[in-house]
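Residue numbers (my numbering): 216 to 582.
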Ligand code: PMP
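Set out below in structure tokens:
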């Protein structure tokens with residue numbers, strides 16, 4: 216086969232372990248998945264109603280490729296023109312589309328490390344050179360990123376709040392950075408966890424889109440809206456950027472149910488606020504736990520927390536797995552002594568903290 220050379224060293228995305236897989240392997244009755252930053256409270260009852268009522272008769276027709284109804288509702292909700300939106304099969308697809316539209320062999324792209332794996336993956340797929348700039352104590356090194364930009368740079372990826380550290384960039388720092396990025400370099404601002412942010416000095420990404428013509432904001436319905444399996448995300452950018460990206464997406468990339476579910480989800484902002492508040496309360500409990508046990512953690516503006524156990528993250532991961540908690544080993548995420556834990560319900564969080572305590576007792580006993 217004449218495979219493109221750049222794909223030969225790439226691996227497929229490694230998802231977190233499935234509940235069924237762990238049940239079988241450990242013979243456990245209850246398994247809790249705190250690995251993929253999903254919403255532990257599910258989704259709004261308004262979504263449930265729409266999904267239950269959606270007759271299967273419409274499934275034989277192609278969906279509305281332009282997602283007209285959802286576009287109208289979201290544009291009203293966000294207060295931006297409908298022409299400044301693009302809808303995709305999860306935010307993942309948008310990242311892929313952006314890389315496809317701008318990257319190729321001979322060009323380069325700059326990003327933090329560790330950050331969300333798909334920026335690098337999609338860039339390598341297109342044959343571009345990837346320039347990674349290490350985080351400084353969990354934060355983007357924005358000056359370091361600026362230093363790596365040159366005439367061949369086509370995209371800079373910024374994840375705020377960052378996955379896997381959960382740390383956000385302040386409004387002042389982000390704008391200082393955007394002021395210095397050349398206007399022909401696209402800045403991708405991935406705000407997958409935007410809805411969880413509570414920090415006062417967070418920026419208003421949509422007004423930044425109006426101010427910076429080289430900015431695209433990436434968001435998703437997979438997290439606080441609880442629609443991960445529907446696969447629906449969107450981008451907000453200038454009309455010129457959206458126009459350039461539209462031909463790259465598949466004609467029917469978002470399906471009927473996903474569009475309807477997202478539309479219903481948008482209409483229940485009470486659910487969103489409730490989830491954000493519960494998440495914040497539970498995060499505080501994780502902070503307390505870490506302080507009590509002298510564990511370093513990264514202050515998070517998301518629905519996950521990265522905790523540094525100062526030992527092999529795989530070891531912590533395996534121990535927690537044996538107790539029925541699927542988390543993410545930092546080893547796969549570029550933070551080898553850490554684990555990343557999605558914030559669950561009170562019961563799930565108490566359980567995983569108990570399991571972490573057992574791990575700490577177990578390791579101090581064998582030291
Ligand atoms: N960006 C970040 C930072 C993420 O963490 C994720 C999901 N883990 C995505 C994008 C992709 O989200 P989606 O489910 O919408 O494809």
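C-beta atoms are modelled at their ideal positions from N, C-alpha and C, and glycine is treated no differently.
Beta-carbon spacing of residue i, residue j below 9 Å
i           : j           : result
residue 542 : residue 554 : yes
residue 453 : residue 424 : yes
residue 263 : residue 248 : no
residue 466 : residue 353 : no
residue 337 : residue 301 : no
residue 510 : residue 504 : yes
residue 534 : residue 574 : yes
residue 403 : residue 451 : no
residue 286 : residue 323 : no
residue 525 : residue 341 : no
residue 464 : residue 269 : no
residue 478 : residue 284 : yes
residue 392 : residue 357 : yes
residue 295 : residue 325 : no
residue 334 : residue 372 : yes
residue 495 : residue 374 : no
residue 447 : residue 305 : yes
residue 539 : residue 570 : yes
residue 349 : residue 328 : yes
residue 396 : residue 364 : yes
Closest Cα partner of residue i within the set the options
i           : options               : result
residue 298 : 494, 337 and 458      : 458
residue 550 : 287, 330 and 242      : 330
residue 563 : 223, 246, 477 and 514 : 246
residue 224 : 442, 339 and 373      : 339
residue 545 : 411, 556 and 472      : 556
residue 261 : 442, 482 and 491      : 482
residue 252 : 268, 439, 422 and 315 : 439
residue 276 : 369, 506 and 471      : 471
residue 480 : 408, 236 and 266      : 266
residue 381 : 516, 243 and 218      : 516
residue 399 : 428, 327 and 372      : 428
residue 320 : 344, 311 and 303      : 344
residue 310 : 226, 359 and 401      : 401
residue 255 : 216, 486, 468 and 552 : 486
Simplified DSSP assignment, three categories, for residue i
i           : result
residue 438 : coil
residue 323 : strand
residue 566 : helix
residue 446 : coil
residue 230 : coil
residue 533 : helix
residue 249 : coil
residue 237 : helix
residue 384 : coil
residue 544 : strand
residue 258 : coil
residue 411 : helix
residue 511 : strand
residue 328 : strand
Residue interval of the alpha helix (DSSP H) (run including residue i)
i           : result
residue 523 : From DSSP, residue 523 is part of no alpha helix (DSSP H) but of the beta strand (DSSP E) over 519-523.
residue 337 : 332-340
residue 290 : 283-293
residue 422 : 420-426
residue 458 : 454-460
residue 222 : Taken as a continuous stretch (DSSP letters only), residue 222 belongs to no alpha helix (DSSP H), as it is neither H nor E.
residue 474 : 471-481
residue 359 : 357-363
Segment limits, beta strand (DSSP E) that includes residue i
i           : result
residue 500 : No beta strand (DSSP E) contains residue 500, which is instead part of the alpha helix (DSSP H) from 484-507.
residue 302 : 300-303
residue 369 : 368-374
residue 556 : 553-557
residue 348 : 344-349
residue 403 : 401-405
| query | Can you pull every residue whose C-beta falls closer than 6 Å to some heavy atom of ligand 1, listed in chain order? | reply | 252, 305, 306, 307, 331, 374, 378, 405, 407, 435, 437, 443 and 448
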